[in-house]
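Structure first, then comments.
In UniProt numbering, the protein residues as written are 1 to 221.
As structure tokens, then:
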């Protein structure tokens, strides 16, 4: 699939380029990005170069992972953050003995809990100096519009809903999605969110086309 670029009121979302690697490396030294996201830790310049030169372009080529650099509309060389929509290609599995709560914290089950391969999810980070300005919600709104209403038909047919998952306590990430119509779902305890790392508790949420349209009708264009 050809990479897509588009502008919002303040931002330009475009594919990552090799020249972006130095800024990606610098941003990913941030303790909060390493604490709350799935980037490798420690994060090296090799990771950044691979991300910009291989991981991101390959995702577009394969049609399973669409990553955008978030930049100011007037200066597309400055990286504010990263946003990705991806189709999970493996099954995340909780350990036996885990427990699951509904969106209100009520236990609804336990034992092994899987998130099936094939689910489309969103992920993002913003560099430390650009936080607190609403950039991620603005960027995610534009990406969701593209996914649901403007993307090539073969992709639109695949993506019936979008998922979001974050470690319990990541309030900043949760604030990004709530204005856009995501519905908070289960809290899953003792979950393997990243292969090779210790189990954690995660929040989950989902967004349908209708939910997005309703949310935007309430908040305006």
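Glycine included, each C-beta is placed from N, C-alpha and C at the ideal position.
With a cut-off of 8 Å on Cβ pairs, the stretch 161-176 is in contact with the stretch 196-203, counting three or more such pairs.
Residue 46 sits exposed, since fewer than 16 C-beta atoms from the chains shown fall within 10 Å of its C-beta.
If you look at residue 136, you'll find it in the alpha helix (DSSP H) that goes 135-145. Beta-bridge annotation (DSSP): residue 200 is paired with 191. Around the CB of residue 20, 16 or more other CB atoms lie within 10 Å, so the residue is classed as buried. Per DSSP, the unbroken alpha helix (DSSP H) holding residue 24 starts and ends at 21-27.
In this structure the stretch 124-144 touches the stretch 7-25; the number of beta carbon pairs closer than 8 Å is three or more. Closest in alpha carbon position to residue 88, among 65, 215 and 75, is 65. The beta carbon of residue 14 is closer than 7 Å to those of 5, 68, 69, 71 and 76 in its chain, skipping five residues each way along the sequence. Between the alpha carbons of residue 174 and residue 83 lies a distance of about 15 Å. Take the alpha-carbon of residue 178 and the one of residue 33: they are about 20 Å apart.
Per DSSP, residue 209 is one residue of the alpha helix (DSSP H) stretching across 209-219. With a cutoff of 8 Å on beta-carbon distance, residue 148 and residue 209 are scored as near each other. Scanning its chain for C-beta atoms nearer than 8 Å, with the 5 sequence neighbours on each side dropped, one finds no residue around residue 198. As far as DSSP is concerned, residue 159 takes part in no beta bridge. With a cutoff of 8 Å on beta-carbon distance, residue 28 and residue 39 are scored as near each other.
A Cβ-Cβ contact shorter than 8 Å links residue 37 with residue 125. Residue 124 carries a strand assignment under DSSP once its states are collapsed to helix, strand and coil. Only residues of its own chain outside the window of five on either side were considered, and among them 21 have a CB closer than 6 Å to the CB of residue 49, listed in chain order. Scanning its chain for C-beta atoms nearer than 8 Å, with the 5 sequence neighbours on each side dropped, one finds around residue 53 the residues 18 and 21, in chain order. In chain order, 20, 23, 24, 27, 69, 70, 71 and 127 place their CB closer than 8 Å to the CB of residue 79, counting only its own chain and leaving out the 5 sequence neighbours on each side. Under the three-state reduction of DSSP output, residue 8 falls in the coil class, being neither helix nor strand.
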